[in-house]
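Enquirer: Can you keep this structure in mind? I'll have questions shortly.
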Amino acid sequence: MKTLLWQEGFKLLRKKSTYWVTIVLAGLVFGSALLSRMYPKTFPAQLFFTSSFGATTWVVFVMIAACATSLSMEFQYGTIKELIYQQYSRGTILISKWLIMLAYSIYLYAMTGVVALLGKIVLVNDKFSLGDTGTYTYHLTFLEQWLATIGSSFITLWFILSIVFLFATLFRTSTTAVTVGIVMFFTFNIISTLMFKLIDKYHWFKWNPFNFLNYSNQIVDPTRHTLTLLSDNQLFFGSLVYTLFFLCIGLLFFRRRNV
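The sequence shown maps to residues 1 to 259 in UniProt numbering.
As structure tokens, this is what we get:
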């Protein structure tokens, strides 16, 4: 396992895109902070800061692409055969990819969080204090709201990535896997209104996996529980259960897939 982790980490660090992602994300975060400074009415600094100036959304797209390509490219270029011939079990191969992507996602959240703090201090420090509370923070300070948003969005991110890994085990090209992952992310936003209507009519439908993607949204907006019909704890533990479920299904498919 240690050798596989080293190999996967080495592959990630060898990609130029890994470094470009850091530069681009840092630039986007700082740029958003600058917009909040220049156009405070259009881009309220307090609201933007709680999502690390939009970074929590951008990281989702980066990680969808990273997770999908980390697995599907092994099949696309035939390198998966080399790993199997080295007497590594398929389960060990896939788990090593999960762990490296987990470390990568933690890095991206930490990096964008630090840049967001710097952007706040350098550009919009006079707009609000981290200890202040706002009308939309529901008695939480901006610091508490920011940390809650980061934590809840990380849980939701890995729920999404568990499905991306599942699809990546089914497709041989990285482009298809990435496309499916991104389409799924946007599809949720499109069908959410219809889903809430079904939940209101059929309460048992609240346990469908798409509803648990609302976890990060409900942490930010507690009134959303009237739509999800689930508590924060139910969404949290349900998200973890579904994440493990989809990862296990993906592992099962990966073990049975022809190489």
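Backbone N, C-alpha and C define an ideal beta-carbon position, used for all residues, glycine too.
Nearest by alpha-carbon distance to residue 276: which of T149, V122 and W58 is it?
Expert: Beyond the ends of the chain as shown, which are 1 and 259, falls residue 276; an answer cannot be given.
Enquirer: So, using beta-carbon positions, are S52 and V29 closer together than 8 angstroms?
Expert: yes
Enquirer: May I ask which residues mark the beginning and end of the alpha helix (DSSP H) holding L170?
Expert: No alpha helix (DSSP H) holds L170; DSSP gives it neither H nor E.
Enquirer: State buried or exposed for C248, treating a residue as buried only when at least 16 other CB atoms are found within 10 Å of its CB.
Expert: Burial call: exposed.
Enquirer: Measuring CB to CB, does F254 end up less than 8 angstroms from T169?
Expert: yes
Enquirer: Can the beta-carbon of S96 be found closer than 8 angstroms to that of M184?
Expert: no
Enquirer: Reducing DSSP to helix, strand and coil, say where T193 ends up.
Expert: helix
Enquirer: Just grab the DSSP bridge partners of T179 for me.
Expert: DSSP, once it has assigned bridges, lists no residue as partnering T179.
Enquirer: Under 8 angstroms: do the stretch 223-242 and the stretch 202-213 share three or more Cβ pairs, one atom per stretch?
Expert: yes
Enquirer: Do C67 and M111 have their C-beta atoms within less than 8 angstroms of each other?
Expert: no
Enquirer: Nearest-angstrom Cα distance between T243 and G250?
Expert: 11 angstroms
Enquirer: Judging by CA-CA distance, which residue of W146, L123 and V122 is the nearest neighbour of T133?
Expert: Measuring from the Cα of T133, the nearest candidate turns out to be W146.
Enquirer: Looking at T156 and S231, is the spacing between their C-beta atoms short of 8 angstroms?
Expert: no
Enquirer: Counting only beta-carbon atoms, is T92 nearer than 8 angstroms to chain B?
Expert: Among the chains of the structure shown, chain B does not appear; only one protein chain is present.
Enquirer: For a quick check, are the C-beta atoms of F219 and T149 less than 8 angstroms apart?
Expert: Looking at the sequence itself, residue 219 is Ile, so the reference to Phe does not match. Yes, Cβ-Cβ distance for I219 and T149 is below 8 angstroms.
Enquirer: In chain order, what residues of the same chain have a beta carbon less than 8 angstroms from the beta carbon of T92, not counting five sequence neighbours either side?
Expert: M1 and L4
Enquirer: Taking only the alpha-carbon atoms, compute the straight-line gap between V115 and Q46 and give it to the nearest angstrom.
Expert: 15 angstroms
Enquirer: Between W20 and T141, what straight-line distance do the alpha-carbon atoms span, to the nearest angstrom?
Expert: 33 angstroms
Enquirer: Helix or strand or just coil, what does DSSP make of T149?
Expert: helix
Enquirer: Does T50 come out as helix, strand or coil in the three-state DSSP assignment?
Expert: coil
Enquirer: Looking only at its chain, what residues have a beta carbon closer than 6 angstroms to the beta carbon of N211, apart from the 5 residues adjacent to it on each side?
Expert: T228
Enquirer: What does a CB cutoff of less than 7 angstroms around L99 pick up in its chain, not counting 5 residues either side in sequence?
Expert: Result list for L99: L5, in chain order.
Enquirer: Tell me the DSSP secondary structure of T133 in three-state form.
Expert: strand
Enquirer: Should F246 go down as buried or exposed, given a rule of 16 or more other Cβ atoms within 10 Å for buried?
Expert: buried
Enquirer: Could you check the C-alpha separation between H225 and L213 for me, to the nearest Å?
Expert: 13 angstroms
Enquirer: DSSP on T42, reduced to helix/strand/coil?
Expert: coil
Enquirer: Let's see if you can read the secondary structure: which residues bound the alpha helix (DSSP H) around L230?
Expert: In the DSSP assignment, L230 falls outside any alpha helix (DSSP H), carrying neither H nor E.
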